[in-house]
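A.B. asks:
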Amino acid sequence: MTRTYSTSLLAFIVLTFILLTFPSQVRSEETTEPILVAQVGSGIIGAVKNNPEEYAGDEFSEDLWGDSEHNEQAESSDPWQGYNRAMFDFNDFMYFNVMKPATKGYMWAVPLRPRTWANNFFQNMLYPVRLTGCLLQGKFFTAGAETSKFIANSFFGLGGLGNVAGEAQSTMPLYIGDEDMGQTFGVWGIPNGPYVVLPLLGPSTVRDAVGFGIDTFALNPFWWFGIPWYYSLSAGAYNQINKLSFHIGEYESLKEGAIDPYLGLRDVYLNYRAKQVRDSRNNPDRPKPQMTTNPDATPQKK
Amino acid sequence: MKRILSIFTIVIILCATYGVCYADSENSPMVRLRAGIQGVIEILNNPEYKGHPEKNAEKADKVRETIKNFFNFEELSKRAVGRPWLKFTPEERTHFVDLFTQLLEQTYLGRIEDYSGEKVAFDKETIVKGKYAQVDTRLLTGDKDIPVFYRLKLVDGEWDVYDVKIEGISLVRNYKTQFAGIIDTSTDAAFAASKKELFARLDRKCKELDKTNNATASQQKQ
Chain A
833 MTRTYSTSLL AFIVLTFILL TFPSQVRSEE TTEPILVAQV GSGIIGAVKN
883 NPEEYAGDEF SEDLWGDSEH NEQAESSDPW QGYNRAMFDF NDFMYFNVMK
933 PATKGYMWAV PLRPRTWANN FFQNMLYPVR LTGCLLQGKF FTAGAETSKF
983 IANSFFGLGG LGNVAGEAQS TMPLYIGDED MGQTFGVWGI PNGPYVVLPL
1033 LGPSTVRDAV GFGIDTFALN PFWWFGIPWY YSLSAGAYNQ INKLSFHIGE
1083 YESLKEGAID PYLGLRDVYL NYRAKQVRDS RNNPDRPKPQ MTTNPDATPQ
1133 KK
Chain B
242 MKRILSIFTI VIILCATYGV CYADSENSPM VRLRAGIQGV IEILNNPEYK
292 GHPEKNAEKA DKVRETIKNF FNFEELSKRA VGRPWLKFTP EERTHFVDLF
342 TQLLEQTYLG RIEDYSGEKV AFDKETIVKG KYAQVDTRLL TGDKDIPVFY
392 RLKLVDGEWD VYDVKIEGIS LVRNYKTQFA GIIDTSTDAA FAASKKELFA
442 RLDRKCKELD KTNNATASQQ KQ
């Protein structure tokens, strides 16, 4: 018994070590990255220039920017629009009459700092979801970053309440992907399938809903160790309310400018997910800005 | 004489190339966009308006004017409608541009009140086909950078913004999805009816936004 225990511990240490060494390996090669980006960039532009027929004279063509792959990713049929619209109205009603008042009350009762701690705690606990996503997508650099962040926050951040590792860009040039199973399926080339609005949870697609199910019931530690389902469910609900307290007003502003909020939200969801899926192919290093605005500028007298 | 002439030619060529270079850097999409955004920031930071809620309307007017200078709302409307735009009459087009501009202004002008000194970084410009450009920018909010991509078109020698893309979501495409759900081009009769519906809905939305904006404005005054 002790033997198997020590082997699994050893395996864990070895895995941790491998994952932790990844960032440094990638970082030492960092200098070559910008050149690579430049080459890829000019390659894309070159490809467009070599095929002028593709959009010749068509003012409405959208493929000017190499967006077609993104648009393909954001593609989803909507065969259940009748049901979806009804569910959208239900969710809309629930948001304004239940979730929002509840969140507002919670925000009144709990100040910003404890809410941030709670958010950090949940974020830390959901590490297995993100790690699995990273590993299954072959993003070992991000998996290592996630692991080091998890360890740092668990041991030095009071079990995840603090966020000692800080935000991605403050510590090291790493990209923490908010990975989940839906994105993993997307990276594997599985299309969205029909668009579906889930009760209370909002917009999703068949692919993302399946991914969400796996994330929740298989990879979320709140559903492990035989914890009764009602505790797991309340923890999840609490996490949602706590998260919403940081995002109140976003749905409202989205709805405000839309003449068909259902279609507007569907487009936002699908494009946001497509961007998340394609993130894996984007470079985490950002280019140096050539110029910035000056927010302290005093207006010039004319 | 010949020597003087050749020196003269060289000077002229130098002047000409200098002029070209100067005009080029002046007419870069990135420089143009930066000037536009900087203009808006200056109005927002103007001590004349800062902390004077009673001057909000005046400030909004100024911001609106500045934005109109570097946004091409006609191109934006055209792309948001897509191909059916070709079947719109010139009057319908102007009417549509008017309504849509109003809708966008009323939706987003209130939002700029949230501006609190964030910087905008301009990372990269890409010019395609000589008249389309994309400028990659980031809004630096302190703890998080938000990438914002502006797409510009060169019309009459001026680069103007026709689309804004944030988090993979394009403003034009988002409205295009919504308009496509209303416009029906299957038959002429259906097209006419759906156009009517489109204008009615735009009109209704603008009135609705106007009402809520006025309500919040009077709330602020109290």
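If you read the sequences in order, they're chains A and B.
Residue numbering for the first sequence is 833 to 1134, as defined by this note's numbering.
Residue numbering for the second sequence is 242 to 463, as defined by this note's numbering.
Glycine residues also receive a C-beta, built at the ideal position from the N, C-alpha and C atoms.
Going straight from the alpha carbon of L439 (chain B) to that of V1100 (chain A), what length do you get?
C.D. replies: By 1-based counting over the second sequence, the position of residue 439 (chain B) is 198. By 1-based counting over the first sequence, the position of residue 1100 (chain A) is 268. Cα to Cα, L439 (chain B) sits roughly 21 Å from V1100 (chain A).
A.B. asks: Would you mind telling me which residues of chain B sit closer than 9 Å to D1092 (chain A), beta carbon to beta carbon, in chain order?
C.D. replies: Locating residue 1092 (chain A) in the first sequence gives position 260, counting from the first residue. T418, Q419, F420, G422, I423 and R442, listed in chain order.
A.B. asks: Write down the C-beta distance between L317 (chain B) and V413 (chain B) rounded to the nearest angstrom, noting that I regard them as a contact closer than 8 Å.
C.D. replies: Taking the first residue of the second sequence as position 1, residue 317 (chain B) is located at position 76. Taking the first residue of the second sequence as position 1, residue 413 (chain B) is located at position 172. At roughly 6 Å, the Cβ-Cβ gap stays under 8 Å, so L317 (chain B) and V413 (chain B) are in contact.
A.B. asks: How big is the Cα-Cα spacing for F973 (chain A) and N929 (chain A)?
C.D. replies: Taking the first sequence and counting its residues from 1, one reaches residue 973 (chain A) at position 141. Taking the first sequence and counting its residues from 1, one reaches residue 929 (chain A) at position 97. The alpha-carbon atoms of F973 (chain A) and N929 (chain A) are separated by roughly 43 Å.
A.B. asks: Let me know the secondary structure DSSP gives V1100 (chain A) once reduced to three states.
C.D. replies: In the first sequence, residue 1100 (chain A) corresponds to position 268, counting from 1. Helix at V1100 (chain A).
A.B. asks: Less than 9 Å between the beta carbons of Q913 (chain A) and V1109 (chain A), yes or no?
C.D. replies: Locating residue 913 (chain A) in the first sequence gives position 81, where the first residue counts as 1. Locating residue 1109 (chain A) in the first sequence gives position 277, where the first residue counts as 1. The answer is no: Cβ separation not under 9 Å.
A.B. asks: Is the CB-CB distance between M919 (chain A) and L1030 (chain A) below 9 Å?
C.D. replies: On the first sequence, position 87 is the one that residue 919 (chain A) refers to. On the first sequence, position 198 is the one that residue 1030 (chain A) refers to. Yes, the Cβ-Cβ distance between M919 (chain A) and L1030 (chain A) is below 9 Å.
A.B. asks: Taking 7 Å as the limit between beta carbons, can you name the residues of its chain near S411 (chain B), skipping five residues before and five after?
C.D. replies: In the second sequence, the residue the question calls residue 411 (chain B) occupies position 170. Around S411 (chain B): D404.
A.B. asks: Let me know if A1106 (chain A) comes out buried or exposed under the rule of 16 or more other beta-carbons within 10 Å of its beta-carbon.
C.D. replies: What you label residue 1106 (chain A) is simply residue 274 of the first sequence in a count that begins at 1. Classification of A1106 (chain A): buried, given that the 10 Å Cβ count is 16 or more.
A.B. asks: Assuming S909 (chain A) is part of the beta strand (DSSP E), what are its boundary residues?
C.D. replies: Sequence index remark: in the first sequence, residue 909 (chain A) carries index 77 (1-based). Per DSSP, S909 (chain A) belongs to no beta strand (DSSP E) and is neither H nor E.
A.B. asks: In three-state terms, what does DSSP make of P388 (chain B)?
C.D. replies: Translated into the one-based positions of the second sequence, residue 388 (chain B) becomes position 147. Of the three classes helix, strand and coil, the one that applies to P388 (chain B) here is strand, per DSSP.
A.B. asks: Can you find a C-beta in chain A that's less than 9 Å from the C-beta of A362 (chain B)?
C.D. replies: Working through the second sequence from its first residue, we reach residue 362 (chain B) at position 121. With 9 Å as the cut-off, A362 (chain B) counts as an interface residue toward chain A.
A.B. asks: Excluding sequence positions up to five away, which residues of its chain have a Cβ less than 6 Å from the Cβ of R275 (chain B)?
C.D. replies: As a position in the second sequence, residue 275 (chain B) is number 34, starting the count at 1. Only F363 meet the Cβ criterion.
A.B. asks: Using the three-state DSSP reduction, which class does A1041 (chain A) fall into: helix, strand or coil?
C.D. replies: Within the first sequence, residue 1041 (chain A) is the residue found at index 209, counting from 1. The answer is helix: DSSP assigns A1041 (chain A) an H, G or I state.
A.B. asks: Is there a C-beta anywhere in chain B that falls below 9 Å from the one on G1034 (chain A)?
C.D. replies: Along the first sequence, one-based indexing puts residue 1034 (chain A) at 202. So no, G1034 (chain A) is outside the interface.
A.B. asks: If you reduce the DSSP assignment to three classes, tell me which class S427 (chain B) lands in.
C.D. replies: Taking the second sequence and counting its residues from 1, one reaches residue 427 (chain B) at position 186. Looking at S427 (chain B) - three-state DSSP - the assignment turns out to be coil, as it is neither helix nor strand.
A.B. asks: With the cut-off set at 9 Å, would you say F341 (chain B) and D401 (chain B) are in Cβ contact?
C.D. replies: As a first step, residue 341 (chain B) is located in the second sequence; it is residue number 100 there, counting from the start. As a first step, residue 401 (chain B) is located in the second sequence; it is residue number 160 there, counting from the start. Cβ atoms of F341 (chain B) and D401 (chain B): not closer than 9 Å.
A.B. asks: Is the Cβ of R859 (chain A) closer than 9 Å to any Cβ of chain B?
C.D. replies: Counted from its first residue, the first sequence places residue 859 (chain A) at position 27. Confidence at R859 (chain A) is low in this model, with a pLDDT of 39, below 50, so the placement of that residue is unreliable and no value is reported for it.
A.B. asks: Could you have a look at K303 (chain B) and say whether DSSP puts it in helix, strand or coil?
C.D. replies: Position 62 of the second sequence, counted from the start, is the residue given in the question as residue 303 (chain B). Of the three classes helix, strand and coil, the one that applies to K303 (chain B) here is helix, per DSSP.
A.B. asks: If you count every other CB in all the chains shown that lies within 10 Å of the CB of A977 (chain A), and 16 or more means buried, which is it?
C.D. replies: Position 145 of the first sequence, counting from 1, holds the residue named residue 977 (chain A). By the 10 Å Cβ count, A977 (chain A) comes out buried.
A.B. asks: Out of A:Y1104, A:G1089 and A:F1078, which one is the CA nearest neighbour of P943 (chain A)?
C.D. replies: Here residue 943 (chain A) refers to the residue found at position 111 of the first sequence. The shortest C-alpha separation from P943 (chain A) is found at A:F1078.
A.B. asks: Does any C-beta atom of chain A lie closer than 9 Å to the C-beta of Q343 (chain B)?
C.D. replies: Counted from its first residue, the second sequence places residue 343 (chain B) at position 102. Closer than 9 Å: no.
A.B. asks: In or out: W897 (chain A) buried (at least 16 other Cβ within 10 Å) or exposed?
C.D. replies: For the purposes of this step, residue 897 (chain A) is taken as the residue at position 65 of the first sequence. Per the 10 Å Cβ criterion, buried.
A.B. asks: Any contact between the stretch 342 to 356 of chain B and the stretch 423 to 433 of chain B? By contact I mean 3 or more CB pairs, one from each, below 8 Å.
C.D. replies: Touching, no.
A.B. asks: I want to verify the contact list: residues of chain B whose CB lies under 8 Å from the CB of A1106 (chain A), in sequence order.
C.D. replies: One-based indexing of the first sequence puts residue 1106 (chain A) at position 274. Here the neighbours are G409.
A.B. asks: What are the residues in the stretch 938 to 963 of chain A lying within 9 Å of chain B by C-beta distance?
C.D. replies: Result list empty, no residue passes.
A.B. asks: If I'm right that D1040 (chain A) touches V961 (chain A) with Cβ under 8 Å, what's the distance once you round it to whole angstroms?
C.D. replies: The sequence position of residue 1040 (chain A) within the first sequence is 208, counting from 1. The sequence position of residue 961 (chain A) within the first sequence is 129, counting from 1. Not really, about 13 Å apart at Cβ, beyond 8 Å.
A.B. asks: Is it buried or exposed for G371 (chain B), if we count other Cβ within 10 angstroms and need 16 for buried?
C.D. replies: In the second sequence, residue 371 (chain B) corresponds to position 130, counting from 1. So G371 (chain B) counts as exposed.
A.B. asks: Using a 10 Å radius around the Cβ and a threshold of 16 neighbouring Cβ atoms, would you call K902 (chain A) buried or exposed?
C.D. replies: Translated into the one-based positions of the first sequence, residue 902 (chain A) becomes position 70. Position check: residue 902 (chain A) holds His in this sequence, whereas Lys was assumed. By the neighbour-count rule (16 or more Cβ atoms within 10 Å), H902 (chain A) is buried.
A.B. asks: Compare the C-beta of L381 (chain B) against all C-beta atoms of chain A and say whether one is closer than 9 Å.
C.D. replies: Here residue 381 (chain B) corresponds to residue number 140 of the second sequence, with the count starting at 1. Closer than 9 Å: yes.
A.B. asks: Could you tell me the distance, in whole angstroms, from the CA atom of N415 (chain B) to the CA atom of F988 (chain A)?
C.D. replies: Indexing the second sequence from 1 puts residue 415 (chain B) at position 174. Indexing the first sequence from 1 puts residue 988 (chain A) at position 156. Straight-line Cα distance between these residues: approximately 44 Å.
A.B. asks: Could you tell me which whole alpha helix (DSSP H) segments of length 4 or greater appear in the stretch 266 to 348 of chain B?
C.D. replies: Qualifying alpha helix (DSSP H) stretches, in chain order: 270 to 286, 297 to 311 and 314 to 322.
A.B. asks: For A1090 (chain A), name the three-state secondary structure that DSSP assigns.
C.D. replies: Residue mapping note: residue 1090 (chain A) aligns to position 258 of the first sequence, counting from 1. Reduced to three states, the DSSP call for A1090 (chain A) is coil.
A.B. asks: Rounded to whole angstroms, what is the Cα-Cα separation between P1060 (chain A) and N985 (chain A)?
C.D. replies: Here the question's residue 1060 (chain A) lines up with position 228 in the first sequence. Here the question's residue 985 (chain A) lines up with position 153 in the first sequence. In a straight line, the C-alpha of P1060 (chain A) is about 27 Å away from that of N985 (chain A).
A.B. asks: Is it buried or exposed, I278 (chain B), if we count other Cβ atoms within 10 angstroms and call 16 or more buried?
C.D. replies: One-based indexing of the second sequence puts residue 278 (chain B) at position 37. I278 (chain B) is buried by the Cβ-count criterion.
A.B. asks: What residue does the beta strand (DSSP E) around T378 (chain B) start on, and which one ends it?
C.D. replies: The residue labelled residue 378 (chain B) in the question sits at position 137 within the second sequence. Per DSSP, T378 (chain B) belongs to the beta strand (DSSP E) from Y373 to L381.
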